[in-house]
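S.K.: Take 2 as the starting number for the sequence shown in my numbering and just add one per residue.
Glycine is no exception: its CB is placed at the ideal position from the N, C-alpha and C atoms.
Sharing a structure here in structure tokens format.
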Amino acid sequence: MKKYIISILVQNNFGVLARVSNLFARRCYNIHSLTVSPTNDPTVSKITVVVMGDDQIAERVLKQVSKLEETIEVMQMEEDEALCKELVLVKILTPSSETCSQVSKIVEDFHAKMLRVATDYMTVELTDVPSKVESFVEELNQFQIKDMCCTGVTALESK
């Protein structure tokens, strides 16, 4: 399965997010991530959805979302052709100095940030393209992750 980034500009009306997410639920489309943010126009919001599936599912999502009354514009974006970012915060248990060193090396390799170092855990942050965030988390999975939180993808056209 492939990830598809769908950007939707909608009228900033009460319940519009519920209508968009219900459309996905009714069609059994799996939402991998979802972000909603205001735009420079207070009457318009931007919804960025990452769906898992194949080309047919992506095409159907684009068509069906464009039919919603509040939809102004809908487009598919590619990670390598758009400006896409995602943020992850990870708290890793560090029972030894060796674990601390190993985690620090991964943080350095990914140009991530060390937010907090305590006696028994470290909290790290990475903001990058979704594929790098995914690789970062995969590298950290060899350690005991106590907690993790990831934003959804935010994306802008690069043109």
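Mapping DSSP to helix, strand and coil, what is residue 22?
M.R.: Sequence index remark: in the sequence shown, residue 22 carries index 21 (1-based). Note: residue 22 maps to helix in three-state DSSP.
S.K.: Which one of 134, 81, 72, 150 has the shortest CA to CA distance from residue 20?
M.R.: Walking along the sequence shown from the start, residue 20 turns up at place 19. When only C-alpha atoms are compared, the closest one is 72.
S.K.: Start and end of the beta strand (DSSP E) containing residue 38?
M.R.: In the sequence shown, residue 38 corresponds to position 37, counting from 1. Looking at the DSSP string, the run of the beta strand (DSSP E) that includes residue 38 is 31-39.
S.K.: Ignoring anything shorter than 3 residues, give me the beta strand (DSSP E) runs that lie fully in the segment 109-146, in order along the chain.
M.R.: Counting only runs of 3 or more, we get 114-118, 122-129.
S.K.: According to the neighbour-count rule (16 or more other Cβ atoms, all chains shown, within 10 Å of its Cβ), is residue 85 buried or exposed?
M.R.: Here the question's residue 85 lines up with position 84 in the sequence shown. With 16 or more Cβ atoms within 10 Å of its Cβ, residue 85 is classed as buried.
S.K.: Out of 44, 51, 35, 65, state which residue places its alpha-carbon closest to the alpha-carbon of residue 27.
M.R.: Counted from its first residue, the sequence shown places residue 27 at position 26. Checked all of 44, 51, 35, 65; the closest Cα to residue 27 is 65.
S.K.: I'd like to confirm the pairing. Which residues does DSSP put opposite residue 151 in its beta bridges?
M.R.: Position 150 of the sequence shown, counted from the start, is the residue given in the question as residue 151. DSSP lists 89 as partners of residue 151.
S.K.: In whole angstroms, what separates the C-alpha of residue 171 from that of residue 100?
M.R.: Outside the shown range of the chain (2 to 160) lies residue 171, about which nothing can therefore be said.
S.K.: By DSSP's criteria, residue 156 is part of a beta bridge. Which residues make up the other side?
M.R.: On the sequence shown, position 155 is the one that residue 156 refers to. Per DSSP, 85.
S.K.: Return yes when the Cβ of residue 67 is within less than 7 Å of the Cβ of residue 51, no when it is not.
M.R.: Within the sequence shown, numbered from 1, the residue matching residue 51 stands at position 50. Within the sequence shown, numbered from 1, the residue matching residue 67 stands at position 66. Going by C-beta atoms, residue 51 is not nearer than 7 Å to residue 67.
S.K.: Would you mind reading off the limits of the beta strand (DSSP E) that contains residue 10?
M.R.: Looking up residue 10 in the sequence shown gives position 9. 3-12 is the extent of the beta strand (DSSP E) around residue 10.
S.K.: Once you ignore the five residues that flank residue 63 on each side, which residues in its own chain have a CB closer than 8 Å to its CB?
M.R.: The residue given as residue 63 occupies position 62 in the sequence shown. For residue 63, where only same-chain residues beyond five positions count, the Cβ hits under 8 Å are 7, 75, 76, 77.
S.K.: Less than 8 Å between the CB atoms is what I'm expecting for residue 45 and residue 13, so what's the real figure, rounded?
M.R.: Taking the first residue of the sequence shown as position 1, residue 45 is located at position 44. Taking the first residue of the sequence shown as position 1, residue 13 is located at position 12. Residue 45 to residue 13, Cβ: 6 Å. Contact.
S.K.: Do you know how far the Cα of residue 11 is from the Cα of residue 137?
M.R.: Counting from one through the sequence shown, the residue named residue 137 turns up at place 136. Counting from one through the sequence shown, the residue named residue 11 turns up at place 10. C-alpha separation (whole angstroms): 33 Å.
S.K.: Nearest to residue 60 by CA position, among 30, 134, 104, 121, is which residue?
M.R.: To locate residue 60, count along the sequence shown from 1; it is residue 59. Measuring from the Cα of residue 60, the nearest candidate turns out to be 30.
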